[in-house]
Amino acid sequence: MQIDLRGKHLITFDTWTKGEIETVLETAKYFKILRATGQTVEPLKHKTLFMIFFEQSTRTRNSMEAAMTQLGGHAHDLTADKLQIAHGESAKDTAIVLSRMGEGIAVRNCFYNIGNRYLNELARYATIPVISMQDDVYHPLQVIADLMTIREYFGYDLRGLKVAITWAYATSHAKPLSVPQSQIL
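Counting in the numbering used here, the sequence shown runs from 29 upward without gaps.
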């Protein structure tokens, strides 16, 4: 049975089925193998992803941008001050406008008690998928990357495996609970 994820938002995996998560993992593994063997595929050719960052990012921004490029698409690296968000534009209006121009909206907004609500508001009005690159509650991309890595090292049957969760960001700002909280899900 093939699972179709077209149009599906990714804000948290707690709304996804096990089959949908497995589809993402298997697809990621397939593309990783192709890239490792020098094969080029461009399933996202001529596709645009709008990436909105409310704070700085190194790993997430670069991995998302690299992935879009490697799969044939283009990622727009945006910050709130480059958009009308800085002048009070609502999530609804941003979602409607960006939905007309691209194929996906990815957002990183970790502001406490704001980020997850903002992502859900975008998803409510967007006609294209909304992807969380981390909010104040969840970090689904970190979860899927970690699970893929754990499987590469320990195999698919993880029953009984003990996992310690740590995360070490810059000491200059508060660390959201989204990383360990998402891992638990």
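Just so you know, even glycine gets a beta-carbon here, dropped at the ideal spot from N, CA and C.
Spatial neighbours of residue i in its chain, beta-carbon cut-off 7 Å, leaving aside the 5 residues before and after
| i | result |
| --- | --- |
| D163 | N137, C138, G143, N144, L147 and S206 |
| L169 | T88 and M161 |
| E70 | L99 and G100 |
| F182 | L189 |
| L186 | I178 |
CB of residue i within 8 Å of CB of residue j, strictly
| i | j | result |
| --- | --- | --- |
| I133 | V158 | yes |
| E117 | D105 | no |
| T194 | M129 | no |
| L72 | G100 | yes |
| V135 | I178 | no |
Other residues of its chain near residue i: CB distance less than 8 Å, five sequence neighbours each side excluded
| i | result |
| --- | --- |
| V52 | L33 and I172 |
| E48 | I31, L33 and K36 |
| A114 | A108 |
| Q112 | D121 and T122 |
Residues of its chain near residue i, where Cβ-Cβ distance is below 6 Å and the 5 sequence neighbours each way are ignored
| i | result |
| --- | --- |
| H37 | A151, P157 and V158 |
| L126 | F78 and I133 |
| A119 | Y146, E149 and L150 |
Segment limits, beta strand (DSSP E) that includes residue i
| i | result |
| --- | --- |
| Q170 | Looking at the DSSP string, Q170 is not in any beta strand (DSSP E); the run it does join, the alpha helix (DSSP H), is P168 to F182. |
| V165 | Segment: none, V165 is in no beta strand (DSSP E) and carries neither H nor E. |
Option in the options with minimal Cα separation from residue i
| i | options | result |
| --- | --- | --- |
| T96 | K57, F78 and A64 | Contrary to the premise, residue 96 reads as Met rather than Thr in this sequence. Nearest of K57, F78 and A64 to M96, Cα basis: F78. |
| Q84 | E50, L72 and T107 | T107 |
| L175 | L72, E70 and A56 | A56 |
| N141 | A154, D121 and Y166 | Y166 |
| Y184 | E50, Y153 and E149 | E50 |
| T122 | H102, E131, A103 and A154 | A154 |
Span of the alpha helix (DSSP H) around residue i
| i | result |
| --- | --- |
| A151 | G143 to Y153 |
Heavy atom of the ligand MN within 7 Å of residue i beta-carbon
| i | result |
| --- | --- |
| D164 | Of ligands this structure carries none, so the ligand MN is not represented either. |
What runs of the alpha helix (DSSP H), each 4 residues or longer, lie entirely inside the region 61-132?
Counting only runs of at least 4 residues, the region 61-132 fully encloses the following alpha helix (DSSP H) elements, listed from N- to C-terminal order: 87-98 and 119-127.
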